[in-house]
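The block underneath contains the structure these notes are about, expressed in structure tokens.
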Amino acid sequence: MHDKHAVRALNSILQQWDAPAVPLWNISGNPCSGSALNATDSEFESPNNNPAIVCNCTFDNGATCHITKLRVYGLNKKGVIPEELVTLQYLTVLKIDQNFFTGPLPSFIGNLSRLMFLSFSHNDFSGPVPRELGNLKELTVLAFGTNNFSGALPPELGNLAKLEQLYIDSCGAGGEIPSTFAKLRNMQTLWASDNPFTGKIPDFIGNWTKLKSLRFQGNSFQGPIPSSLSKLASLESLQMSDIYNVSSSLDFVMSLKNLTDLSLRNALITGTIPFGIGELQMLQILDLSFNNLTGQIPATLFNIDSLEYLFLGNNSLSGTLPDQKSENLQKIDLSHNHLSGTFPLWVNSELQMNLAVNNFKFDISNISVFPGLNCLQRNFTCNRNAPQCKLPSLCCLHPEMRADNIVYEGDNSYLGASAFVVTNTEKWAVSKVGLFNGRENASYVLNTQDQVTGTRTPKLYQTSRISAGSLRYYGLGLVNGPYNVSLLFAETNFPDPSTERWESRGRRVFDIYVQGTLRWKDFDISKEAGGPNRAIIKNFSATVSENHLEIHLFWAGKGTCCIPKQGNYGPAISALSVVSAFKPSVSGLPPSTPGNKNHTGLIVGIAVPLGILGLIVISIMFYLWREKDNDDEEVLVGIGSKPNIFGYAELRSATKDFNRSNKLGEGGYGPVYKVTANS
């Protein structure tokens, strides 16, 4: 006999959610029949069995059946949590992920005291996280990530002493991690990225000795990373990023021998890479990029047999590449360091390897290994002897196309987890680094056939280049001066929020840097454009002073990670253009002077452009005066040294094309510049 009260409650719940029972278990109107009896886990999770229930008919010596599991998963159902749910007192599993349930999570859910597994991630619940969840003391798994909660995590969650897995990434809660969480000694997995958590990473996490996976990315934690984490001998995956204020060293990881995935990206890690890091023989992924690491790279690191991904870019590492490398290590990022020398024999074009912006030497033996890499070293030599004021506009992963009277050069290069490319004209270069979590064989491309609005050329926006971490564009061989940068975006990966689908909860958030300066923190394409599949152009000014321009799109751990599937985050861009904001008149060569001539610094007032005409008039008058009165000139020379007189071309050269770095201020007739001229 089934529990009549529970059956009525179940029918009411499914009716309110417009989720009719499936015939696999609703046989002849009896819910506890068919697959609901003695269902295996795989049968309960089957896509054909949704909604799904499981009944336990062992109560009262087999006389009574109670509903013990309920699953309404990924059906985009709407509504709120009905009060009838509290009638299902024998529930041990409740899974209602990937729907669009709204409103606050009701406090009566804390009355389902038999729950062991509770998951309501990927919905649109709001308000505070109810403290009554702390009453569910049998819980081993709790998941409420990707919702719209607010406020702090309730301290009562610390009462869940049996909790083993807690998934709260992108849930919306913030503040400090409650001190009561110190009691969660059975914790094995904690994912808490993309939440506004503050304060310090709790030291008590070091006492969670059963912990296997920990993710704190895109939060607002202050350093240092607690040294107590060195006690987590069972830890297999550690992902932290975007730590502020106080730096940390790598010493605490040396005892974590079971690590397979270590990512401490943009986490204020300083000092050297310990030589003993080669003892972490289980490592498959190591990401220490965007830190302040110095010294040489230990050769032992390249000899870890299990290591497949090594990201050490954007540090201050020096020295040469090691002589040997393990066979499995195929994806390597060492860009933006101070490495030098030539390449060892193992370096070849089959690797996904990014060595941009270092100090490597190139000759006939290695210049063809990575074509164009010589253009992307720290001196950026390509086209500096013949700079231009204009770059061809670039469309990402399209053939050449025209839009709004602009011709966009095609950029069809495939770029993997760690790669760069320099165009054939050596005018543009692209550098990309990053590995998507939980996503194998990622294409790093977004494509859509949906119409993109807000533009006369939607095709330009239907394809975007994406990255799991860092995406840089370099304009090479530019005349020094001011430029206007236009970046073209459209979010094509998420549906419009008006559809009220769970996938519409996705957010792509990244930072925009131009010439190394942060110009937009937490840029959200869809938010700024007014929704997905809408074109938006963001314009920035930039000053080029060393003949190259850098545009950097950087993922700082913010935004959802797993919508519509694992590994969907990071920067995306459809096209870009760079146009000079001045009329070029000189070569724009970098400041350099051959030989060891002495120079004298002079201060000259220059009115631009009126000064040009004035200098021409003065030159003519001086010439006529000189021809007319040589005697006076001889007297002048006899009195003392002849005054220095300069033509416009000399002044133009001596101020490096009136470069802003030489500007001293404003005079009555225009800008005042410092001039460096031969003595």
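To convert, note that position 220 of the sequence shown is 220 in the UniProt record's numbering; the numbers rise steadily by one, no gaps.
All C-beta atoms in this analysis are idealised placements derived from N, C-alpha and C, irrespective of residue type, glycine included.
Note that the structure is a prediction, hence the values are computed from the model and not measured.
Assumed close pair residue i, residue j - CB separation to whole angstroms, cut-off 8 Å
{"i": "Leu-478", "j": "Leu-460", "result": "Not really, about 24 Å apart at Cβ, beyond 8 Å."}
{"i": "Val-509", "j": "Phe-494", "result": "Rounded, the Cβ-Cβ distance is 12 Å, inconsistent with contact."}
{"i": "Leu-283", "j": "Leu-262", "result": "6 Å"}
{"i": "Tyr-483", "j": "Val-544", "result": "6 Å"}
{"i": "Thr-448", "j": "Ser-170", "result": "About 23 Å separates the two Cβ atoms, so there is no contact after all."}
{"i": "Phe-197", "j": "Ser-220", "result": "6 Å"}
{"i": "Ile-332", "j": "Ser-443", "result": "At roughly 20 Å, the Cβ-Cβ gap does not stay under 8 Å, so Ile-332 and Ser-443 are not in contact."}
Residue nearest to residue i in terms of C-alpha spacing, selected from the options
{"i": "Ser-318", "options": "Gln-324, Arg-131, His-338 and Ser-326", "result": "His-338"}
{"i": "Phe-420", "options": "Leu-446, Gln-377, Pro-387 and Arg-456", "result": "Gln-377"}
{"i": "Gly-134", "options": "Asn-111, Asn-159, Ser-119 and Ser-121", "result": "Asn-159"}
{"i": "Leu-435", "options": "Gly-567, Phe-59 and Leu-115", "result": "Gly-567"}
{"i": "Asn-11", "options": "Glu-43, Glu-546, Leu-88 and Met-187", "result": "Leu-88"}
{"i": "Phe-311", "options": "Thr-272, Thr-342, Leu-355 and Gly-271", "result": "Leu-355"}
{"i": "Asp-404", "options": "Thr-381, Asn-424 and Arg-456", "result": "Arg-456"}
{"i": "Trp-346", "options": "Gly-110, Lys-361, Asn-374 and Asn-303", "result": "Asn-303"}
{"i": "Ser-368", "options": "Val-430, Ile-27, Asn-328 and Thr-342", "result": "Thr-342"}
{"i": "Leu-24", "options": "Ala-556, Ser-46, Arg-8 and Asp-251", "result": "Ser-46"}
{"i": "Tyr-414", "options": "Gln-352, Phe-117, Asn-358 and Phe-554", "result": "Gln-352"}
{"i": "Tyr-144", "options": "Leu-184, Asp-97, Asp-511 and Ile-269", "result": "Note that residue 144 corresponds to Phe in the displayed sequence, not to Tyr. Of Leu-184, Asp-97, Asp-511 and Ile-269, the residue nearest in Cα terms is Asp-97."}
{"i": "Met-240", "options": "Asn-258, Val-253, Gly-218 and Gly-276", "result": "Gly-218"}
{"i": "Lys-521", "options": "Lys-558, Asp-305 and Glu-503", "result": "Lys-558"}
{"i": "Val-72", "options": "Leu-329, Arg-501, Asp-41 and Leu-14", "result": "Leu-14"}
{"i": "Ser-498", "options": "Asp-41, Lys-78, Gly-223 and Ile-205", "result": "Lys-78"}
{"i": "residue 682", "options": "Thr-260, Pro-51 and Phe-275", "result": "As displayed, the chain neither begins before 1 nor continues past 679, which places residue 682 out of reach and without an answer."}
{"i": "Leu-549", "options": "Asp-251, Trp-428 and Ala-267", "result": "Trp-428"}
{"i": "Gly-172", "options": "Asp-496, His-66, Gly-199 and His-122", "result": "His-122"}
{"i": "Cys-57", "options": "Pro-154, Phe-216 and Gly-34", "result": "Gly-34"}
{"i": "Gln-281", "options": "Ser-326, Arg-384, Ala-21 and Tyr-244", "result": "Ser-326"}
{"i": "Leu-250", "options": "Phe-44, Thr-270 and Lys-231", "result": "Thr-270"}
Cβ-Cβ distance between residue i and residue j below 8 Å
{"i": "Ser-470", "j": "His-552", "result": "yes"}
{"i": "Thr-146", "j": "Arg-534", "result": "no"}
{"i": "Asn-539", "j": "Ser-486", "result": "yes"}
{"i": "Ile-201", "j": "Pro-178", "result": "no"}
{"i": "Phe-120", "j": "Leu-157", "result": "no"}
{"i": "Glu-164", "j": "Asn-186", "result": "yes"}
{"i": "Leu-235", "j": "Leu-214", "result": "yes"}
{"i": "Lys-162", "j": "Leu-142", "result": "no"}
{"i": "Phe-100", "j": "Arg-507", "result": "no"}
{"i": "Leu-115", "j": "Val-86", "result": "no"}
{"i": "Ile-525", "j": "Ala-468", "result": "no"}
{"i": "Ile-466", "j": "Gly-313", "result": "no"}
{"i": "Tyr-90", "j": "Ile-67", "result": "yes"}
{"i": "residue 682", "j": "Asn-328", "result": "Here the chain comprises residues numbered 1 to 679, so residue 682 is not present and cannot be evaluated."}
{"i": "Glu-132", "j": "Gly-110", "result": "yes"}
{"i": "Ala-542", "j": "Cys-395", "result": "no"}
{"i": "Ala-19", "j": "Glu-84", "result": "no"}
{"i": "Gly-278", "j": "Tyr-244", "result": "no"}
{"i": "Ser-316", "j": "Leu-334", "result": "no"}
Outcome for residue i when other beta-carbon atoms lying within 10 angstroms are tallied against a minimum of 16
{"i": "His-5", "result": "exposed"}
{"i": "Val-407", "result": "exposed"}
{"i": "Thr-517", "result": "exposed"}
{"i": "Asn-49", "result": "buried"}
{"i": "Arg-402", "result": "exposed"}
{"i": "Gly-151", "result": "exposed"}
{"i": "Glu-350", "result": "exposed"}
{"i": "Val-452", "result": "buried"}
{"i": "Gly-29", "result": "exposed"}
{"i": "Ser-248", "result": "buried"}
{"i": "Asp-203", "result": "exposed"}
{"i": "Asn-358", "result": "buried"}
{"i": "Thr-492", "result": "buried"}
{"i": "Ala-233", "result": "exposed"}
{"i": "Glu-409", "result": "buried"}
{"i": "Ala-267", "result": "buried"}
{"i": "Arg-472", "result": "buried"}
{"i": "Asn-547", "result": "buried"}
{"i": "Asp-3", "result": "buried"}
{"i": "Ser-237", "result": "buried"}
{"i": "Trp-17", "result": "buried"}
{"i": "Ala-572", "result": "buried"}
Threshold first: 3 residues or longer. Then list the beta strand (DSSP E) segments lying entirely within the region 239-317, N to C. 261-265, 270-272, 285-287, 292-296 and 309-311
At which residue ranges does the UniProt domain "Disease resistance R13L4/SHOC-2-like LRR" (64-169) contain complete beta strand (DSSP E) runs of 3 or more residues, listed in the order of the chain? For the UniProt domain "Disease resistance R13L4/SHOC-2-like LRR" (64-169), whole beta strand (DSSP E) runs of length 3 or above, ordered along the chain, are 64-71, 93-95, 100-104, 117-119, 124-128, 141-143, 148-150 and 165-167.
Unbroken stretches of the alpha helix (DSSP H), 4 residues or longer, contained in the region 446-491: none
Please specify which runs of the alpha helix (DSSP H), each continuous and at least 4 residues long, are wholly inside the region 185-238, giving them in chain order. Within the region 185-238, not a single complete alpha helix (DSSP H) segment reaches 4 residues in length.
Can you give, in chain order, each stretch of the beta strand (DSSP E) that sits fully within the region 510-536 and has at least 3 residues? The region 510-536 contains, as complete beta strand (DSSP E) runs of 3+ residues, the segments 517-524 (chain order).
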